[in-house]
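Trainee:
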Amino acid sequence: MNDYTFKKTTGVYAVCMAGVLLLWAIFLLLATLTYQLYDSIEDFVIEFRIHTGL
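Shown next, in the form of C-alpha cells:
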C-alpha cells in the first residue's frame, strides 16, 4: 500500500526542483564558456590578421 504523505511529496518535489536548478546551472555555465571560447578565438583571429597584414 502506497503512503503518499505531505512530507514525502514535499521531499520529492524539493529533490526534483534541486535537480532542475542544477541542470539549468550546468547549461548556463556551458553556454557562457562556449561563448567566451568563440569570442577569444575571434579576437585571436583579428589580432593575427592585424599582425600578419592579411
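Under numbering that gives the first Met the number 0, the first residue of the sequence shown is numbered 0, with each subsequent residue one higher.
Backbone N, C-alpha and C define an ideal beta-carbon position, used for all residues, glycine too.
1. Specify, as a first and last residue, the run of the alpha helix (DSSP H) that Asp-42 falls within.
2. If you draw a straight line from the alpha carbon of Asp-38 to that of Ala-24, how long is it in whole angstroms?
3. Alpha carbon to alpha carbon, what distance is there between Ala-13 and Tyr-3?
Mentor: Here's the rundown:
1. 5-51
2. 21 Å
3. 15 Å
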